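Numbering (the numbering used here), first residue to last: 198 to 542.
One structure below.
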């Protein structure tokens with residue numbers, strides 16, 4: 198490889214590592230594979246070759262490996278003594294020799310094949326770097342910037358700091374709208390380790406978003422004094438968050454609400470006005486289930502089997518306990534892990 202091309206390539210690799218985080222060693226390994234592939238296209242599929250990558254000297258060399266013979270029967274790997282001596286007069290019959298090859302003399306087809314492998318390697322390397330970055334953020338909240346909104350399907354393209362990712366319509370809070378340059382918090386649900394398909398699944402409808410917002414916004418939760426025991430959610434409508442305190446002097450519900458409701462108000466604003474019920478957790482299933490059905494007032498809770506119960510409420514509390522289209526009862530059941538049968542006197 199010529200000095201100019203070599204320096205251009207290695208400088209490009211340095212730039213790739215700096216800007217995209219793709220390790221130079223990874224790209225050199227891929228380039229070695231590309232050069233071998235190009236060599237085989239030029240000299241034959243069985244032709245022997247050695248690639249030497251000197252990272253300290255920033256040098257890449259290719260050597261054609263041949264056997265010096267009296268009569269050539271394998272042109273891909275053999276040459277006569279006379280031909281060998283044109284490279285070095287010291288070469289002798291039966292000797293294994295290496296002849297330096299210049300990759301820039303390859304045919305256009307061979308060079309094109311090498312180029313395509315390198316381009317593909319850059320794509321794979323970029324994806325691998327982003328996969329690792331998102332994996333470190335899995336189950337966390339990241340702040341992204343809206344790049345564009347697809348008017349047909351409602352999907353939103355976001356700039357996340359690790360690259361571009363899509364917030365699917367199905368993972369958005371129902372009814373919310375996005376505009377270019379909006380700043381938005383999203384929950385990193387899953388990272389795709391495969392070579393194809395969406396790199397990451399982002400969400401604003403996942404219950405994990407509510408949990409992480411509480412953990413980020415409520416100092417007592419951040420410090421570990423107040424603990425979130427469970428979260429259930431129907432995005433854009435209502436969430437229930439069960440909390441308890443490790444300190445008897447700290448009211449977990451009051452800590453989450455904050456002075457004049459300031460703490461919970463910030464979270465509600467981020468969730469586009471979604472209602473949030475903060476439930477005091479109890480080791481007593483009866484107390485916990487009764488609290489989970491808030492804002493309804495419960496008369497009694499009877500445990501009827503493993504993870505099943507019957508709840509009794511006043512007639513005027515029945516519709517409130519069940520909620521519109523069964524929402525309140527459904528969220529309470531998810532929160533507590535109990536199947537709840539609600540009855541009135």
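Each residue gets a CB set at the ideal place from its N, CA and C atoms; glycine is no exception.
As the structure is a prediction and not an experimental result, all values here were calculated from the model.
My output table needs one value for residue i: the three-state DSSP class, helix, strand or coil.
| i | result |
| --- | --- |
| residue 373 | coil |
| residue 419 | helix |
| residue 439 | strand |
| residue 271 | coil |
| residue 226 | helix |
| residue 408 | helix |
| residue 454 | helix |
| residue 211 | helix |
| residue 296 | strand |
| residue 460 | helix |
| residue 221 | helix |
| residue 282 | helix |
| residue 431 | strand |
| residue 399 | strand |
| residue 306 | The predicted position of residue 306 is uncertain, since its pLDDT is 49 and thus under 50; no value can be drawn from it. |
Which same chain residues, not among the five before or five after residue i, have their C-beta less than 6 Å away from its C-beta?
| i | result |
| --- | --- |
| residue 538 | 507 |
| residue 375 | 343, 346, 353 |
| residue 276 | 263 |
| residue 498 | 483, 486, 487, 506, 508 |
| residue 306 | Legend: pLDDT at residue 306 = 49, less than 50; position of this residue unreliable, no value from coordinates given. |
| residue 515 | 541 |
| residue 332 | 388 |
What residues in its chain sit with their C-beta under 8 Å from that of residue i, if we drop five residues either side in the sequence?
| i | result |
| --- | --- |
| residue 338 | 382, 383, 384, 385, 406, 409, 410, 413 |
| residue 518 | 490, 493, 495, 508, 510, 525, 526, 539 |
| residue 425 | 408, 411, 412, 418, 438, 439, 440 |
| residue 504 | 534, 535, 536 |
| residue 387 | 335, 397, 398 |
| residue 274 | 243, 244, 245, 262, 263, 264 |
| residue 372 | 433, 469 |
| residue 465 | 471, 472, 473 |
| residue 421 | 443 |
| residue 390 | 328 |
| residue 269 | 275, 276, 277 |
| residue 288 | 265, 278, 281, 282, 294 |
My guess is that residue i and residue j are in contact by the Cβ rule of under 8 Å, so how many angstroms apart are they, rounded?
| i | j | result |
| --- | --- | --- |
| residue 486 | residue 473 | Going by Cβ atoms, the distance from residue 486 to residue 473 rounds to 19 Å, so no, they are not a contact pair. |
| residue 401 | residue 431 | Actually they are not in contact, since the Cβ atoms of residue 401 and residue 431 sit about 13 Å apart, beyond 8 Å. |
| residue 265 | residue 244 | The pair is not a contact, with the Cβ atoms about 16 Å apart (cut-off 8 Å). |
| residue 240 | residue 259 | With 8 Å as the limit, residue 240 and residue 259 do not qualify as a contact, their Cβ atoms being about 11 Å apart. |
| residue 355 | residue 399 | 7 Å |
| residue 350 | residue 366 | 6 Å |
| residue 319 | residue 219 | 7 Å |
| residue 435 | residue 528 | 6 Å |
| residue 323 | residue 217 | 5 Å |
| residue 248 | residue 229 | 5 Å |
Measure the Cβ-Cβ separation of residue i and residue j and say whether it is below 8 Å.
| i | j | result |
| --- | --- | --- |
| residue 296 | residue 327 | no |
| residue 246 | residue 261 | yes |
| residue 423 | residue 478 | no |
| residue 341 | residue 396 | no |
| residue 428 | residue 452 | no |
| residue 484 | residue 500 | no |
| residue 512 | residue 541 | yes |
| residue 450 | residue 415 | no |
| residue 330 | residue 285 | no |
| residue 298 | residue 231 | no |
| residue 224 | residue 210 | yes |
Give me, in chain order, the residues of the same chain whose beta-carbon lies closer than 7 Å to that of residue i; leave out the 5 immediate sequence neighbours on both sides.
| i | result |
| --- | --- |
| residue 200 | At residue 200, the pLDDT of 46 sits below 50, so the modelled position is not reliable; the number obtained from the coordinates is stated separately. Result list for residue 200: empty, nothing under 7 Å. |
| residue 357 | 339, 341 |
| residue 530 | 536, 537 |
| residue 214 | 220, 221 |
Less than 7 Å between the CB of residue i and some heavy atom of the ligand GTP, yes or no?
| i | result |
| --- | --- |
| residue 422 | Summarising the ligand content, the structure contains no ligands, and the ligand GTP is consequently not present. |
So within the segment 505–540, which uninterrupted alpha helix (DSSP H) runs reach at least 4 residues, ignoring any that extend past its ends?
512–519, 524–533
Which complete alpha helix (DSSP H) runs does the segment 310–386 hold, if anything under 4 residues is left out?
none
Which whole runs of the beta strand (DSSP E) in the segment 231–268 are 3 residues long or more, in chain order?
Counting only runs of 3+ residues, the beta strand (DSSP E) found wholly inside the segment 231–268 occupies 246–251, 256–266, in chain order.
Which whole runs of the alpha helix (DSSP H) in the segment 464–500 are 4 residues long or more, in chain order?
Counting only runs of 4+ residues, the alpha helix (DSSP H) found wholly inside the segment 464–500 occupies 482–489, in chain order.
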